[in-house]
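The sequence shown: position 25 = 14 (the working numbering), numbered continuously. Note that CB positions come from ideal geometry on N, CA and C, so glycine has one too. Nothing here was measured: the structure is a model prediction, and the numbers come from that model.
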Amino acid sequence: MRFPKHIFRIDNPNEAKYSHQRVFIVRISDYVFVVPFVENETEIFLKTIIPNRKMTKKYLPKD
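Right, dumping it as structure tokens:
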């Protein structure tokens, strides 16, 4: 599946606890949100959306 450049998918950083989940990293305005999800053959279930300061620093560094 292809996504716009302001959305991408990573493995869950806490894979020991959430090995069945993956995470979307979503840029909205100038902030990054983390959206954990589970996926099967027919659908993607979005768990929640969380504003994330650490991911904002990592993926949207200040110049």
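Close-in-space but distant-in-sequence residues of the same chain around residue i (CB under 8 Å, 5 per side omitted)
i	result
residue 49	16, 19, 20, 21
residue 1	7, 8, 10, 11, 12, 25
residue 5	none
8 Å Cβ cutoff met for residue i and residue j
i	j	result
residue 10	residue 27	yes
residue 44	residue -4	no
Where the beta strand (DSSP E) through residue i begins and ends
i	result
residue 20	20 to 28
residue 35	33 to 35
Given residue i as reference, the closest of the options once Cα atoms are compared
i	options	result
residue -2	35, 31, 30	35
First through last residue of the alpha helix (DSSP H) which encompasses residue i
i	result
residue 43	42 to 48
For this session: Let me know the beta strand (DSSP E) ranges lying completely inside the segment -2 to 22, each 3 residues or longer, listed in chain order.
Result: 11 to 17
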